[in-house]
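Q:
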Ligand code: GDP
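Residue numbers (our numbering): 289 to 712.
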């Protein structure tokens, strides 16, 4: 069984929590894109964990976790993330974690370039997490990236890194006027943060291909949502990677495989980190109350998130491009405080009501059309069966299902592992 778990919207849909729950049925969990530019928060009996790079299956001893070729990996961040988990008693050995030799390394100069460019842009900044993701992917396309597998030949790296640093300084020093980066600093960084992972590096394509043939269950865990996909998202306010499910087998290392199931994670309201069009945004007291109720602050950066009501237009599009076979609706309990729940049912573009998700200037200028539906006004966090839910909550779920055209299989009513309802 090959299953991808993906975000439907702008990210932060609660994927970490759902992957943690669903991963119990899988032998292997694979991250297939992105880097440490987003975070999953997982709460379980072992504690509360923020995972930026490691797949959520790392919290289960028996699950094998893979960082796939589609990723760009900041090894210093990985080193610290692994250390934090070990301090909390989680065992991480080459048996639990395998790093693709094809993945690229996100180097300190990628982070530096990310910051230099955001600063240069000033008011026109993209709202990057400044973690070097775009510069790292750019180097991959320029064929200048260091691949994880190169760490297995440390003796070749002195010259290799010197060549890259010389090229990078054309931009860092001569372009941005920043102090030059030094080869010896980069090599020291590699020795300190990359080399400890030498025994974790392998050809994950061979490993996963064998696992598929042995009938193992594999889950592909996405970071960020459909609207952050480099091609299908709200470009240029997207990530630099492919966040959609179709990319999962490619970014994971088994391009020949097809997915059996695609679980879309969709939040009961909307949130968005950073810049860019966010049509359903709610402002003032209405927005503040929702942000507080949902605890909407970035897991990776602590930034307050922009919030809005459930966005039918963006969600229907997200479900379509992800090709979802079913959905998990998260954070429904957060809406308990509302007398009436705001739902963005359509957009207005150039004075006309539209139901499709626009792009470019049409999207930038789109206005939300809001309707209010009855709230359920009670604590639903203890509900465990569909029949435990109040009628208004059930109506809300059914309306979303109908609006986006995909069945909701799970409803999450709290952050804990058991706080969910299986709808069918
Ligand atoms: P991700 O990147 O998609 O995993 O999203 P986040 O890291 O932002 O996770 C969402 C946050 O909401 C985390 O703090 C979770 O513990 C929490 N969470 C997830 N599902 C639920 C839910 O159903 N109800 C509530 N109240 N919190 C949830």
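Each residue gets a CB set at the ideal place from its N, CA and C atoms; glycine is no exception.
Classify residue 326 as helix, strand or coil using the three-state DSSP reduction.
A: coil
Q: Excluding the five sequence neighbours on either side, which residues of its own chain have a C-beta within less than 7 Å of the C-beta of residue 491, listed in chain order?
A: 389
Q: The ligand GDP and residue 384: does any heavy atom of the ligand fall closer than 6 Å to the residue's C-beta?
A: no
Q: Assuming residue 359 and residue 323 make a contact with CB atoms under 8 Å, what is their CB distance in whole Å?
A: 6 Å
Q: Quick one: does the C-beta of residue 703 sit closer than 6 Å to a heavy atom of the ligand GDP?
A: yes
Q: Counting only runs of 4+ residues fully inside the stretch 379-429, write out the alpha helix (DSSP H) ranges in chain order.
A: Uninterrupted alpha helix (DSSP H) stretches at least 4 residues long and entirely within the stretch 379-429 occur at 396-409 and 421-429, given in chain order.
Q: Check the DSSP bridge columns for residue 641 and list the partner residues they point to.
A: Residue 641 is bridged to 636.
Q: How should residue 312 be labelled, buried or exposed, when 16 other C-beta atoms within 10 angstroms of its C-beta is the threshold for buried?
A: exposed
Q: Going by DSSP, what residue range makes up the beta strand (DSSP E) through residue 681?
A: Premise fails: residue 681 lies in the alpha helix (DSSP H), 679-692, not in any beta strand (DSSP E).
Q: Is the stretch 530-545 touching the stretch 495-508, taking contact as three or more C-beta pairs under 8 Å?
A: yes
Q: State yes or no: is the C-beta of residue 530 within less than 7 Å of the C-beta of residue 382?
A: no
Q: Let's see if you can read the secondary structure: which residues bound the alpha helix (DSSP H) around residue 449?
A: 445-457
Q: Identify, in the order they occur along the chain, each residue of the same chain with its Cβ nearer than 6 Å to the Cβ of residue 562, setting aside the five sequence neighbours on each side.
A: Correct list, in chain order: 415.
Q: Taking C-beta to C-beta, are residue 624 and residue 596 nearer than 7 Å?
A: no
Q: Nearest by alpha-carbon distance to residue 527: which of 425, 627 and 470 is it?
A: Residue 527 has its Cα closest to that of 425, out of 425, 627 and 470.
Q: Give me the Cα-Cα distance between residue 484 and residue 686, rounded to the nearest whole angstrom.
A: Using only the alpha carbons, I get a separation of about 50 Å.
Q: May I ask you to report which of helix, strand or coil DSSP gives residue 305?
A: helix
Q: Just curious, the alpha helix (DSSP H) that residue 610 is in, first and last residue?
A: 600-610
Q: Does the pairing of the stretch 562-574 with the stretch 449-463 give three or more beta-carbon distances under 8 Å?
A: no
Q: How is the beta strand (DSSP E) around residue 591 delimited, first residue to last?
A: Element bounds for residue 591: n/a, residue is neither H nor E.
Q: Over what stretch of residues does the alpha helix (DSSP H) that includes residue 651 continue unbroken?
A: 648-653
Q: Cβ of residue 561 within 6 Å of any heavy atom in the ligand GDP?
A: no
Q: Assuming residue 573 is part of the alpha helix (DSSP H), what are its boundary residues?
A: 572-582
Q: Report yes or no: do the stretch 357-377 and the stretch 402-409 share at least 3 C-beta pairs separated by less than 8 Å?
A: Short answer: they don't touch.
Q: Under 6 Å from any heavy atom of the ligand GDP, does the C-beta of residue 591 make it?
A: No, since every heavy atom of the ligand GDP falls outside the 6 Å radius drawn around the Cβ of residue 591.
Q: Assuming residue 435 contacts residue 391 under a Cβ cut-off of 8 Å, what Cβ separation, rounded to an integer in Å, is found between them?
A: 7 Å
Q: With DSSP as the reference, please indicate the residues paired to residue 616 in a beta bridge.
A: Beta-bridge pairing links residue 616 to 553 and 698.
Q: Would you kindly work out how many angstroms separate the C-alpha atoms of residue 662 and residue 548, rounded to a whole number?
A: The alpha-carbon atoms of residue 662 and residue 548 are separated by roughly 37 Å.
Q: Distance check for residue 453 and residue 568, CA to CA, integer angstroms please.
A: Approximately 44 Å between the Cα atoms of the pair.
Q: Sorted by chain position, which residues of the same chain lie with C-beta nearer than 6 Å to residue 471's C-beta, five sequence neighbours on each side aside?
A: Beyond the five residues adjoining it in sequence on each side, residue 471 comes within less than 6 Å, by CB distance, of 449, 450 and 453 in the same chain, given in chain order.
Q: Just the Cα atoms here: how many angstroms apart are residue 546 and residue 537?
A: If I take the Cα positions, the gap works out to 7 Å.
Q: Helix, strand or coil, according to DSSP, for residue 312 in the structure here?
A: helix
Q: What does the alpha-carbon distance come out to for the pair residue 476 and residue 520?
A: 39 Å
Q: Using 7 Å as the threshold, is the C-beta distance between residue 566 and residue 591 below it?
A: With a cutoff of 7 Å on beta-carbon distance, residue 566 and residue 591 are scored as not near each other.
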